[in-house]
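Here the structure is laid out as structure tokens; the discussion comes afterwards.
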Amino acid sequence: MSFPYLDIILRSAAVYFFMTIALRIFGKKELSQLNTADIILILLISNSVQNAMVGPDTSLWGGLVAALVLFVINFTIKKLTHKYKVLNDLFLDKPEILIHNGKLEFKTLSKLDISNDELKEAMREHGLEHFTEVKLCMLEIDGTISVISKEKNQLKQTHYKRKHNHKNFRK
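When we follow UniProt numbering, the leftmost residue of the sequence shown carries the number 1, and every step to the right adds one.
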């Protein structure tokens, strides 16, 4: 006799890994700042993949099994990425240096599509006016931009939440 929920477990796992890969390809960095279109997209995706996970079983137990599978996979992935660097590199983005010792990293800024205005806004939020005042500016893995000033007494722990911006960085 086969396990009646095996199909749901396999389907849910497949959808989880598909969504993980899709977010990695299409810009996980943008998830720290969701706009209306992003929320609509997430709602529509969740609705569209629901049937792919539970198939014809629309019972309460089928939905609960699918949800449990997603929670277990997510928990397991988090534990494994903390334990194994290879998996951490595969699943998680790396922080990116945007400014180092007052010098802008133009290739990185262009690759990440971070505009001059966005970068200056992040600096102003940290109380800095000029690029030369920045010791280190990073795009963190959660999509925030953190800034460390050259003056030790101006260190702050606030984080600029990056908004999706289609403008290219201009020198």
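A virtual CB, placed ideally from N, CA and C, is assigned to each residue, including glycine.
Residue i to residue j span [Cα, whole Å]
{"i": "residue 141", "j": "residue 72", "result": "23 Å"}
{"i": "residue 129", "j": "residue 45", "result": "41 Å"}
{"i": "residue 137", "j": "residue 37", "result": "28 Å"}
{"i": "residue 115", "j": "residue 92", "result": "23 Å"}
{"i": "residue 89", "j": "residue 95", "result": "11 Å"}
{"i": "residue 80", "j": "residue 111", "result": "29 Å"}
{"i": "residue 124", "j": "residue 139", "result": "16 Å"}
{"i": "residue 39", "j": "residue 51", "result": "20 Å"}
{"i": "residue 122", "j": "residue 101", "result": "16 Å"}
{"i": "residue 75", "j": "residue 84", "result": "14 Å"}
{"i": "residue 3", "j": "residue 135", "result": "58 Å"}
{"i": "residue 42", "j": "residue 59", "result": "23 Å"}
{"i": "residue 61", "j": "residue 47", "result": "18 Å"}
{"i": "residue 18", "j": "residue 105", "result": "32 Å"}
{"i": "residue 113", "j": "residue 23", "result": "17 Å"}
Residues of its chain near residue i, where Cβ-Cβ distance is below 7 Å and the 5 sequence neighbours each way are ignored
{"i": "residue 57", "result": "8"}
{"i": "residue 13", "result": "69, 73"}
Classification of residue i by the beta-carbon crowding that lies within 10 angstroms, buried from 16 upward
{"i": "residue 118", "result": "buried"}
{"i": "residue 21", "result": "exposed"}
{"i": "residue 25", "result": "exposed"}
{"i": "residue 99", "result": "buried"}
{"i": "residue 67", "result": "exposed"}
{"i": "residue 29", "result": "For residue 29, the pLDDT reaches just 49, beneath the cut-off of 50, and the residue's location in the model is therefore unreliable, although a value from the coordinates is still provided. Counting Cβ neighbours within 10 Å, residue 29 comes out buried, since at least 16 surround it."}
{"i": "residue 109", "result": "buried"}
Integer-rounded CB distance, given that residue j should sit under 8 Å from residue i
{"i": "residue 133", "j": "residue 120", "result": "With 8 Å as the limit, residue 133 and residue 120 do not qualify as a contact, their Cβ atoms being about 12 Å apart."}
{"i": "residue 54", "j": "residue 63", "result": "6 Å"}
{"i": "residue 65", "j": "residue 16", "result": "Not a contact, Cβ separation roughly 13 Å."}
Residue j beta carbon less than 9 Å from that of residue i
{"i": "residue 131", "j": "residue 103", "result": "yes"}
{"i": "residue 77", "j": "residue 87", "result": "yes"}
Proximity test, residue i beta-carbon vs the ligand SAM heavy atom, cut-off 8 Å
{"i": "residue 116", "result": "This structure simply doesn't include the ligand SAM, nor any ligand for that matter."}
Cut-off 8 Å between Cβ atoms - residues of its own chain near residue i, not counting five sequence neighbours on either side
{"i": "residue 10", "result": "none"}
{"i": "residue 82", "result": "88"}
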